[in-house]
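Before any comments, here is the structure.
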Amino acid sequence: MGYTGFSVFTFLFRLAFCHCLMRISNGDLSYSIPEEMKRGSVIGNLVKDLGLDAKRLSGRKARLDMDGSRQRYCDINVNTGDLIVAETIDREELCGPKVSCSLKYELVLEKPLELHRINVQVQDINDNSPRFPNARIDLEIQESADKGARYPLDEPHDSDIGLNGIQSYSLERNAYFILDVQTSSDGGKYGELVLEKELDREQQQEVTLLLTAVDGGTPQRSGTVVIHVTVLDANDNKPVFSQTVYKVCLPENSPTGAVVVAVSASDEDEGANGEVSYEFNRISDKAAKLFSIDKKTGEIKVQGPIDYEENTEYEVRVQAKDGSGLAGNAKVMIEITDLNDNAPVILIKSFNNPIPENVLPGTEVGIINVQDEDSEGNRQVRCSIQQNVPFKLNPSIKNYYSLITTGELDREIISDYNITITATDEGSPPLSSSKTIHVSVSDVNDNPPMFEEQSYSTYVTENNKPGSSICSVTARDPDWRQNGTVVYSLLPSEINGVPVSSFVSINGDTGVIHAVRAFDYEQFRNFKVHVVARDNGSPPLSSNVTVSVFITDENDNSPQILYPAPAGNSLMTEMVPKAALAGSLVSKVIAVDADSGQNAWLSYHIVKSIDPGLFSIGIHSGEIRAQRDISESDSMKQNLVISVKDNGQPSLSTTCDVYLLISDNLAEVPELKDMTYEDSSKLTSYLIIGLVSVSTFFLTFIILILAVRFCRSRKPRMLFDGAVAIPSAYFPPNYAEVDGAGTLRSSYNYDAYLTTGSRTSDFKFVRSYNDNTLPADQTMTRCPDTLLEGSIITLNTAGEANEVSLHSSEIPPFVRELFRCGRMGYVCGKYILGLNGLCHPIETVGLYSV
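Printed below as a string of structure tokens:
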């Protein structure tokens, strides 16, 4: 509706009135605005009126909340702080006939949480014209009606209030009636036709009048109705209601067709003049959609949805007319009672998601608001979290709750939470609603990589291919993305003084360890590598693990013969008594193998012999024994080719020559020279024979001495030609004895005579004494280095025995080497060192001082 004739003065007055505000004692604001303001119109500035900071409105999430309304009429401009009209406000639609019409809002600010109540009073403007219930009023008046008779007219309805409501009536000039305006008990104005001149049906049967209702607004608005008067015979009684005012309570959600109330009016006239019909006399547009009346019975029934939250009461006027048009009026007050038909509504006002896993207990995650459109106890709401989650709701202002953490979070255990919030009102029966909030926990680098095992062990066969993988280590990091990405590296260290990177490398992504070079079991048998697993977090976290690499042996070393000396070195010859019986120990082959395990298990075999049936060799001990008794017919010179094999796959072997001389007489020693150098030139043989002949005298003397000693000790002796110099090169630097291999373990002790002389010096072993061997469970003391300083008995080419006192510094280096390694027996001072590395006094083996 337009504002026809709206003066500039009135507009300015109302505009000034709209923007006046009042500060209430508790800090709330009240504004007054006219209805029908355009959308976007500014009501007032909240920043200025409340003393707020306009720049922080957006950061504090300023918003307007409204209780008890499903329609939003006002809003806030967070950039300027202006309170503006969001939707056009129709006061009549919003408040109906109520004098006071207001919108109540709550201004909510966060960080910190702040609440201001804002009351917007909606003032009425004259935007509605008076409207009669019917376009035509039919009256039937008896012609006998007395002058001054009054006939109430239908009261028009004006949705505006106050001055904008109906203020006056005017009746078209006529000869019979005048209009008298009456005021009802509730302040309403209605017109009555007053008969000023008696009717004469014979002169005029019908009278038509035009009634105009005018309101007091500016500009004025009016409504008209045609009054049609039919002149009848006399009807002097009008219907009378049983009650002037009917009050009734109607529950909301009442079904269509339910009877609200039945009004009743009686007319004392008879016939048609006493027949009463009912109709609404004055009713609002909204009430007209919800209620209907039965014209005959007067029952008011429900014809639309009744909702307490829409309106809590309705007022209607009911008119009862008789057949002659006389009417009586009554008021019906319908109060709507509330039912608990609205479940609480959970609103998320603020929510932080995701949240880091290292937040402290008590951290605010979000703000929850719970609303219920019901009234009184039906709108009292309890809000809770039923699940076992590390969150809880703390009541705040009014129906606001803070969602806070109650414990420590760990994304690696639970990365997501579905928090179900349940709100229940106190109605009967109670209604509830639930809302599930999904909270994600963001990752923090709080877990170092952890290896699947505390330590790793791997076995690698020697002579491996460089670049081949040795083993793989795996570390797990339960963190997310780059915090859980693991990179492997080697911790810098050294193996025998060489950087570990020279031996192995590691793939930083997969943790696979590769060999950089080929390994040699004989150089080193194991080493350790320290692997670091580091994540990509900030700061990065790491952990270490030790990888033990064990090198397994391959059969890549042939047996090495320590005794007798291999071909190419000095030759050795052993004497065998002619009276040797079957089973007598003749000699022994000593060999070692740098490999280990079964690769170092050695076996001895005679592959060539001058007399195949004369000697045999222990397959595991290497001891050469006579298979039968020695006879005169046996050749004096015996040559055996011994093969030493290991137990590897494939097997490796080495051969050596063993020279034996069957003789009891030292006079036959020159023949030894012949055997030793039988492969030399004939001239050399003649010189040796001549030399032996010349030395017969000396040899005879030596033989006599030796014979005496032989008789006393009863030990057969074996004479070795040449210096017994077993270089230390025969012993690998990394050689280690293998128990049970049979390479160096012997039950025989040998007495030795050493010489520091030339190549022609002699080295003599005395026969073994098995009965002097210590049991396996006993231990003898190893000779200390100081025992190297003492007497050494030598035998020169003339057969003379000499005792030479030597300082340890004068002992040949190879002898000292043998002593430390325990590889060969020799005399040290008054002790003799056996092949088993143990020291024995000279007396126990039959040696006597010269």
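Residues -18 to -1, 1 to 832 in mature numbering (1 follows the signal peptide of the UniProt record, and there is no 0) are what the sequence shown lists, from first letter to last.
Beta carbons: idealized from backbone N, C-alpha and C, even for Gly.
Everything numeric in this text was worked out from a predicted model, so none of it was measured.
Which residues share a DSSP beta bridge with residue i?
i           : result
residue 441 : 532
residue 405 : 365 and 415
residue 586 : 626
residue 524 : 516
residue 56  : 67
residue 98  : 89
residue 190 : 210
residue 458 : 432
residue 420 : 400
residue 327 : 353
residue 605 : 570
residue 83  : DSSP output for residue 83 lists no bridge partner at all.
residue 376 : 384
Rank the options by C-alpha distance to the C-alpha of residue i and give the top, closest one.
i           : options               : result
residue 401 : 225, 256, 371 and 427 : 371
residue 519 : 452, 618 and 431      : 431
residue 461 : 339, 364, 252 and 386 : 339
residue 516 : 509, 527, 506 and 507 : 527
residue 152 : 115, 194, 346 and 190 : 194
residue 263 : 137, 538, 71 and 386  : 137
residue 301 : 294, 224, 230 and 331 : 224
residue 76  : 104, 252, 49 and 337  : 104
residue 587 : 438, 581 and 599      : 599
residue 232 : 295, 463, 364 and 367 : 295
residue 68  : 102, 84, 23 and 60    : 23
residue 911 : 11, 197 and 352       : For residue 911 there is no data in the structure shown, the boundaries of the chain being -18 and 832.
residue 535 : 566, 576, 561 and 569 : 576
residue 84  : 38, 412, 357 and 48   : 48
residue 213 : 375, 446, 489 and 126 : 126
residue 472 : 14, 466, 510 and 449  : 510
residue 307 : 353, 209, 529 and 297 : 209
Taking the alpha helix (DSSP H) that residue i belongs to, which residues open and close that run?
i           : result
residue 638 : Looking at the DSSP string, residue 638 is not in any alpha helix (DSSP H); the run it does join, the beta strand (DSSP E), is 635 to 644.
residue 75  : 73 to 77
residue 28  : 28 to 32
With respect to the beta strand (DSSP E) encompassing residue i, which residues constitute its N-terminal and C-terminal limits?
i           : result
residue 172 : 171 to 177
residue 132 : 132 to 134
residue 36  : Run containing residue 36: none; DSSP gives neither H nor E here.
residue 107 : Careful: residue 107 lies outside any beta strand (DSSP E) and carries neither H nor E.
residue 542 : 542 to 545
residue 315 : 309 to 319
residue 350 : 346 to 353
residue 555 : 555 to 558
residue 124 : 118 to 124
residue 19  : Careful: residue 19 lies outside any beta strand (DSSP E) and carries neither H nor E.
residue 137 : That residue, residue 137, is in no beta strand (DSSP E); it is neither H nor E in DSSP.
residue 47  : 45 to 48
residue 833 : Here the chain covers residues -18 to 832 and nothing more, so residue 833 does not appear.
DSSP on residue i, reduced to helix/strand/coil?
i           : result
residue 621 : strand
residue 371 : coil
residue 7   : With a pLDDT of only 31 at residue 7, under the threshold of 50, the placement of this residue in the model should not be trusted, and no figure is reported.
residue 691 : helix
residue 149 : strand
residue 597 : strand
residue 713 : Here the model assigns residue 713 a pLDDT of 38, short of 50, so the residue's position is not dependable and the matter cannot be decided.
residue 391 : coil
residue 165 : strand
residue 358 : helix
residue 205 : strand
residue 610 : coil
residue 465 : helix
residue 335 : coil
residue 680 : helix
residue 181 : coil
residue 473 : coil
residue 342 : coil
residue 670 : helix
Taking 7 angstroms as the line, does the beta carbon of residue i fall inside it for any heavy atom of the ligand ADP?
i           : result
residue 606 : Among the components modelled here there is no ligand, and therefore nothing to report on the ligand ADP.
In chain order, what are the residue ranges of uninterrupted beta strand (DSSP E) at least 3 long that sit wholly in the stretch 217 to 302? Those beta strand (DSSP E) runs which fall completely within the stretch 217 to 302 and span 3+ residues are 227 to 233, 241 to 244, 259 to 264, 273 to 275 and 281 to 284.
Check: In chain order, which beta strand (DSSP E) runs of at least 3 residues are fully inside the stretch 476 to 517?
Finding: The stretch 476 to 517 contains these whole beta strand (DSSP E) runs: 486 to 488, 494 to 497 and 508 to 517.
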